[in-house]
Amino acid sequence: MFETSFTAGDLQFLLQGAWVTVKLTIAAMLIGTLAGVLMGWLRATLPRASLPLGWFLDLFRSVPLLIQFVLFNSLKSIAGLNWSAFSVGCLVLGIYAAAYCTEIVRSGILAVQPNLRRASRSLGLSYWQDLRYIVLPLATRVAFPGWLNLVLGVMKDTALVMWIGIVELLRASQTIVTRIQEPLLVLCIAGVIYYLMSWVVARLGTRLETRWQEND
1 MFETSFTAGD LQFLLQGAWV TVKLTIAAML IGTLAGVLMG WLRATLPRAS LPLGWFLDLF
61 RSVPLLIQFV LFNSLKSIAG LNWSAFSVGC LVLGIYAAAY CTEIVRSGIL AVQPNLRRAS
121 RSLGLSYWQD LRYIVLPLAT RVAFPGWLNL VLGVMKDTAL VMWIGIVELL RASQTIVTRI
181 QEPLLVLCIA GVIYYLMSWV VARLGTRLET RWQEND
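Take 1 as the starting number for the sequence shown in this note's numbering and just add one per residue.
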């Protein structure tokens with residue numbers, strides 16, 4: 001007969017960790033999306049002038065995220081900044097997301113046909129009107145699948161914040177495993193929670209894309 005020491009309190013602890021994961025993901029994607037839209041526009045419209053920015057962002061795409069967490073946390077201590085581990089986690093994940101979101105936005109803008117832009121300008125639209133009413137709506141549809149995949153990736157990457165002391169879903173599951181010594185059960189439950197969170201995000205994204213197609 002199957003017996004376990006896993007309790008309702010342990011499940012609640014896992015759900016609390018999952019909520020921390022959700023908050024980290026939301027904060028990181030908010031930072032990453034806002035910064036990524038601005039920097040992606042710069043990279044698309046001023047490719048040569050923004051080349052140093054591209055090199056800088058390459059650092060965050062190339063260096064493993066775990067190293068970035070450790071370095072930022074150490075620099076925080078060296079600089080004497082009174083930041084919480086959660087703030088550091090949000091900042092690092094946000095910059096990491098911004099580095100990828102920049103390329104997603106840039107590719108979306110460049111995917112808009114130049115003929116459409118020339119036609120809008122010939123009809124009397126200003127540069128900013130063309131950007132707002134023509135380029136951004138079309139670029140958003142092109143970039144959205146990549147952005148959605150980035151959200152799912154960042155959600156899983158939040159597991160690395162355990163190395164700077166944040167108790168998110170994976171850290172919570174490890175704490176329970178240490179206490180009850182049932183890793184298979186606990187990690188399966190944690191995996192199911194990750195799957196459900198990812199499923200919700202993916203379904204919302206699919207519904208949004210479907211509505212866009214219906215409105216075409």
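Using N, Cα and C, we set each Cβ at its ideal position, and we do this for glycine too.
These figures come from a predicted structure and were not determined experimentally.
Range of the contiguous alpha helix (DSSP H) that encloses residue i
i	result
residue 163	Here residue 163 belongs to no alpha helix (DSSP H), and DSSP marks it neither H nor E.
residue 87	85-110
residue 48	Segment: none, residue 48 is in no alpha helix (DSSP H) and carries neither H nor E.
residue 113	That residue, residue 113, is in no alpha helix (DSSP H); it is neither H nor E in DSSP.
residue 69	65-79
residue 129	127-130
Residue-level contact to chain D via CB, residue i, 8 Å cutoff
i	result
residue 171	No chain D is present in this structure, which holds just one protein chain.
Residue i vs residue j beta-carbon contact at 8 Å
i	j	result
residue 135	residue 117	yes
residue 48	residue 106	no
residue 59	residue 189	no
residue 98	residue 32	yes
residue 198	residue 152	yes
residue 119	residue 142	no
residue 17	residue 171	yes
residue 69	residue 91	no
residue 94	residue 28	yes
residue 168	residue 158	yes
residue 40	residue 102	yes
Assigned exposure category for residue i - 16 Cβ within 10 Å defines buried
i	result
residue 21	buried
residue 192	exposed
residue 208	exposed
residue 115	exposed
residue 7	exposed
residue 24	buried
residue 89	buried
residue 50	buried
residue 217	With the chain running from 1 to 216 in the structure shown, residue 217 is simply not present.
residue 19	exposed
**Request:** Would you mind listing the beta strand (DSSP E) stretches within the stretch 132-210 that are 3+ residues and don't spill past its ends, in chain order?
**Result:** none
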